[in-house]
Amino acid sequence: MMKIWLRRNFSALMALSPALLIVLVVYVGCTIWSVRISLTDSHILPSDHYVGLHNYVRLLNTDRWNTSVGNLVFFGFMFIIASLVTGTLMAILMDQRIKGEALFRTIYLYPLAMSFIVTGLIWEWILQPTLGIQKMMRNFGFAHFHFDWINHSSTVLYTVALAAVWQGSGLVMAIMLAGLRGVDDEIWKAARIEGISPVRTYISIVLPMLGGAIATVTVLLALTVVRLFDLIIAMTGGGPGDSSEVPAKFIYDYLFDHQDIGLATAASTLMLGFVLVFIGPWQIWQWRRDVRGAGR
Amino acid sequence: MSRARKHLAARVAIYTCLIAMALFVLGPLYVMVITSLKHMSEISSGNILALPHIPTIAPWLVSAHKLSAGFLNSVKILIPSVIISIAVGAIAGYALQFWRLPGASLLVLILLIGAFIPYAVFIYPLVRILAFFGLFGTLTGIVIVHTTFGLPVMTILFKNFYSSLPVELFKAARVDGAGFWRIFASIVFPMSTPIVIVAVILQVTGIWNDFLLGLVFAGRDNMPMTVELNNIVTTTTGTRFYNQDMAATILTAAVPLLVYLVSGRWFVRGITAGAVKG
């Protein structure tokens with residue numbers, strides 16, 4: 000029995016082996032390994048001496064970590080909400096039977112094709128006050144014009160969010176527009192007959208119908224937030240001070256510069272936990288729907 | 000107000016908003032291009048939105064020279080990474096969709112969640128594993144890393160696509176006695192062209208634009224263009240040559256931008272693929 004099954008499925012198992020190897024070694028193995036290190040007193044080199052939650056206590060007493068988490072949450076809310084609003088607005092405007100739709104779509108989406116390093120460098124250049132927008136406005140005669148947000152710890156995160164929204168709203172537009180195009184024309188006809196204005200129809204009827212698309216796009220934007228690293232490196236380097244530091248950069252710096260792998264893996268374990276708590280249930284829900292769908 | 004005038008006013012408002020947003024999105028590209036064509040003297044005396052008085056291509060020549068090694072490294076990383084990650088994903092997606100294997104759905108679940116785990120979680124163990132095999136900081140090493148992190152999205156992309164193919168085709172082939180590879184090579188893969196195009200677009204732009212993985216795993220000899228660009232711009236001390244910086248930035252963005260412009264609607268399909276389901 001076993002033999003027949005094996006012979007019949009041997010090729011399938013062989014074909015799946017690279018994927019299986021990667022999943023077992025990296026997605027399962029490395030995750031467990033990383034969590035394990037976080038429970039030991041590893042510094043420059045890994046150690047087998049368990050110290051319980053000592054690294055986590057140290058981590059929560061590290062100001063830079065707490066600042067990084069706070070920054071990420073603040074940035075994340077701004078970025079997700081602003082991208083959703085801008086992108087949805089773009090999608091609604093493009094849904095008005097406009098001329099030149101292809102041209103507008105090409106324009107709105109091109110930033111998405113670029114690296115965050117590129118995005119960060121352009122915006123850094125535009126926003127730095129000595130030669131950027133501030134100087135231009137002063138040249139025009141507004142001698143006291145101030146726009147140096149990128150240089151101040153209380154405002155720097157807004158500039159990072161601006162750059163990220165510039166890059167990310169096209170994604171929202173594309174997914175929301177696909178959703179809008181899927182809305183049945185009958186709904187629009189019914190709303191028109193009832194005398195409901197288009198703006199109200201969008202807000203109270205059409206957008207609530209696109210809950211799935213909004214959820215999808217929010218998850219994708221959240222993924223950008225969690226991975227935020229390149230944009231910070233290119234745009235602010237985490238400064239001024241540590242006012243734009245983020246967790247991924249904290250982990251990178253503590254792995255390679257400070258060589259405190261115990262602390263770095265404790266930080267990455269917390270990030271993992273955060274992702275599992277917020278994204279895990281959504282993915283499990285999708286997966287169960289797929290499994291049930293396949294059974295039919 | 001008459002109906003026609005009301006309608007006209009609405010149209011004007013719509014196009015005004017559309018154009019205003021387009022200008023906001025295009026602004027940085029415009030600034031980047033004009034800055035790269037200015038002399039440094041003009042950059043420090045003029046303003047950031049002004050067109051260059053005396054355009055120069057000198058900054059482009061300097062930057063192209065500085066980035067040529069990074070460009071070649073990126074190409075060397077890109078080609079094998081794209082091919083291997085797509086091959087692995089396509090075959091895994093096919094095996095998972097058509098061949099009922101025990102534990103297959105668990106594998107899919109791990110991939111679905113794996114796609115969202117921050118890279119930071121894997122970096123240290125992965126550095127150790129690659130170092131153990133002597134692959135850390137090598138071209139092979141970075142290709143393995145890109146294949147690894149491309150796996151969840153590639154597998155799910157292909158699996159979803161295959162789930163839309165009629166299963167009868169597959170069943171008929173099995174009844175005729177065709178085996179795993181035979182069915183893949185002569186039936187499934189030839190039907191995969193649209194999803195392969197989407198996968199190529201996703202992987203080419205994704206791998207070209209990668210920074211973190213290249214920074215950690217590629218090593219000094221294989222530094223990709225994004226890492227080199229960042230080194231040139233942000234770690235230079237003394238006077239910064241913004242015109243050269245911007246030329247270098249455009250050069251680094253050129254490949255994915257070209258892919259984007261050529262692929263058009265396929266790019267949109269790529270970013271929405273797997274995202275909009277059911």
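If you read the sequences in order, they're chains A and B.
Under numbering that gives the first Met the number 0, the first residue of the first sequence carries the number 0, and numbering increases by one thereafter.
Under numbering that gives the first Met the number 0, the first residue of the second sequence carries the number 0, and numbering increases by one thereafter.
Here a beta-carbon is modelled for each residue, glycine too, at the ideal position from N, C-alpha and C.
Check whether the Cβ atoms of Leu-209 (chain A) and Ile-116 (chain B) sit closer than 9 Å, and answer yes or no. The beta carbons of Leu-209 (chain A) and Ile-116 (chain B) sit no closer together than 9 Å.
What three-state label does DSSP hand Thr-39 (chain A) in the structure shown? Judged by DSSP in its simplified three-state form, Thr-39 (chain A) adopts strand.
Against chain A, does Asp-209 (chain B) count as a neighbour if the rule is that its beta carbon must be under 9 Å from one of theirs? At a cut-off of 9 Å between beta carbons, Asp-209 (chain B) contacts chain A.
Pull the bridge partners of Tyr-49 (chain A) from the DSSP assignment, please. Tyr-49 (chain A) pairs with A:Thr-39.
In chain B, which residues lie with their C-beta within 8 Å of the C-beta of Met-270 (chain A)? Near Met-270 (chain A) (Cβ distances below 8 Å), the residues of chain B are Pro-117, Ala-119 and Val-120.
Pick helix, strand or coil for Tyr-118 (chain B), following the three-state DSSP scheme. In this structure, DSSP gives Tyr-118 (chain B) a state outside helix and strand, which the three-state scheme calls coil.
Any C-beta of chain B under 9 Å from that of Met-77 (chain A): With 9 Å as the cut-off, Met-77 (chain A) does not count as an interface residue toward chain B.
Name the chain A residues whose beta carbon is nearer than 7 Å to that of Pro-294 (chain B)? Here chain B has residues from 0 to 277 only, and residue 294 (chain B) is not among them.
Mind checking which residues open and close the alpha helix (DSSP H) that includes Arg-99 (chain B)? The continuous stretches of alpha helix (DSSP H) do not include Arg-99 (chain B), and DSSP gives it neither H nor E.
The alpha helix (DSSP H) spanning Asn-60 (chain A) covers which residue range? Per DSSP, Asn-60 (chain A) belongs to no alpha helix (DSSP H) and is neither H nor E.
Starting from Gly-149 (chain B), trace the alpha helix (DSSP H) both ways and give me its first and last residue. Per DSSP, Gly-149 (chain B) is one residue of the alpha helix (DSSP H) stretching across 138 to 162.
Among A:Ala-112, A:Gly-178, A:Gly-28 and A:His-53, whose alpha-carbon lies nearest the alpha-carbon of Leu-38 (chain A)? With distances taken between Cα atoms, Leu-38 (chain A) lies closest to A:His-53.
Which residues in chain B sit within 8 Å of Trp-165 (chain A), going by Cβ to Cβ distance? What Trp-165 (chain A) touches in chain B: Phe-23, Val-24 and Pro-27.
List, in chain order, every chain A residue whose beta-carbon is nearer than 7 Å to that of Met-31 (chain B). Within 7 Å Cβ-Cβ: Ile-121.
Rounded to the nearest angstrom, what separates Pro-124 (chain B) and Tyr-26 (chain A) at their Cα positions? C-alpha separation (whole angstroms): 11 Å.
Amino acids of chain B, ordered along the chain, whose beta-carbon sits closer than 9 Å to that of Trp-286 (chain A): Those within 9 Å of Trp-286 (chain A) in chain B are Ser-104, Val-107, Leu-108, Leu-111 and Ile-112.
Using a C-beta cutoff of 9 Å, does Arg-127 (chain B) count as contacting chain A? Yes, Arg-127 (chain B) lies at the interface with chain A (some Cβ there is under 9 Å from its Cβ).
Straight-line CA distance for Gln-282 (chain A) to Leu-220 (chain A)? About 15 Å.
Closer than 9 Å, CB to CB, is Phe-228 (chain A) near chain B or not? Yes, its Cβ sits closer than 9 Å to a Cβ of chain B.
Against chain B: residues of the stretch 121 to 148 of chain A by CB proximity under 7 Å: Legend: CB atoms of the stretch 121 to 148 of chain A lying less than 7 Å from CB atoms of chain B belong to residues Ile-121, Trp-122, Trp-124, Ile-125, Leu-130, Gly-131, Ile-132, Lys-134, Met-135 and Asn-138.
Could you spell out the range, first to last residue, of the alpha helix (DSSP H) harbouring Ser-35 (chain B)? 2 to 35 is the extent of the alpha helix (DSSP H) around Ser-35 (chain B).
Do Met-153 (chain B) and Gln-96 (chain B) have their C-beta atoms closer together than 9 Å? Going by C-beta atoms, Met-153 (chain B) is not nearer than 9 Å to Gln-96 (chain B).
Sorted by chain position, which residues of the same chain lie with C-beta nearer than 7 Å to Pro-279 (chain B)'s C-beta, five sequence neighbours on each side aside? No answer is possible for residue 279 (chain B): the residues shown for chain B start at 0 and end at 277.
What residues in the stretch 217 to 232 of chain B bring their beta carbon closer than 7 Å to a beta carbon of chain A? Going along the stretch 217 to 232 of chain B in chain order, one finds Thr-225, Leu-228, Asn-229 and Val-232 with a Cβ nearer than 7 Å to chain A.
To the nearest angstrom, report how far apart Leu-17 (chain B) and Glu-100 (chain A) are at their CA atoms. Approximately 10 Å, taken between the alpha carbons.
DSSP state of Asp-94 (chain A) mapped onto helix, strand, coil: Coil.
Between the stretch 239 to 252 of chain B and the stretch 33 to 42 of chain B, are three or more C-beta pairs nearer than 8 Å? Yes: the two stretches touch, three or more of their Cβ pairs being nearer than 8 Å.
Find the residues of chain A that neighbour Asn-46 (chain B), judging by a C-beta separation of less than 7 Å, and give them in chain order. Within 7 Å of the CB of Asn-46 (chain B), the CB atoms of chain A belong to Lys-134, Met-135 and Asn-138, in sequence order along the chain.
Tell me where the alpha helix (DSSP H) around Tyr-259 (chain B) begins and ends. First-last of the alpha helix (DSSP H) with Tyr-259 (chain B): 241 to 262.
Taking Ile-143 (chain B) and Leu-134 (chain B) to be in contact with their CB atoms under 8 Å, please state how far apart those CB atoms are, rounded to whole angstroms. The C-beta distance from Ile-143 (chain B) to Leu-134 (chain B) rounds to 7 Å, short enough to meet the 8 Å contact threshold.
In or out: Thr-15 (chain B) buried (at least 16 other Cβ within 10 Å) or exposed? So Thr-15 (chain B) counts as exposed.
Within this structure, are the beta carbons of Ala-198 (chain B) and Ile-78 (chain B) separated by less than 9 Å? Ile-78 (chain B) sits away from Ala-198 (chain B), with the two beta carbons spaced by 9 Å or more.
Strictly below 7 Å CB to CB, what residues from chain D border Gly-178 (chain B)? Of the protein chains in the structure, A and B, none is chain D.
So, does the CB of Lys-2 (chain A) fall closer than 9 Å to a CB anywhere in chain B? Not one chain B Cβ lies under 9 Å of Lys-2 (chain A).
For a test of the three-state rule: what should DSSP assign to Ile-196 (chain B), helix, strand or coil? Of the three classes helix, strand and coil, the one that applies to Ile-196 (chain B) here is helix, per DSSP.
Once DSSP output is grouped into helix, strand and coil, what is the label at Asn-46 (chain B)? Three-state DSSP puts Asn-46 (chain B) in coil, outside helix and strand.
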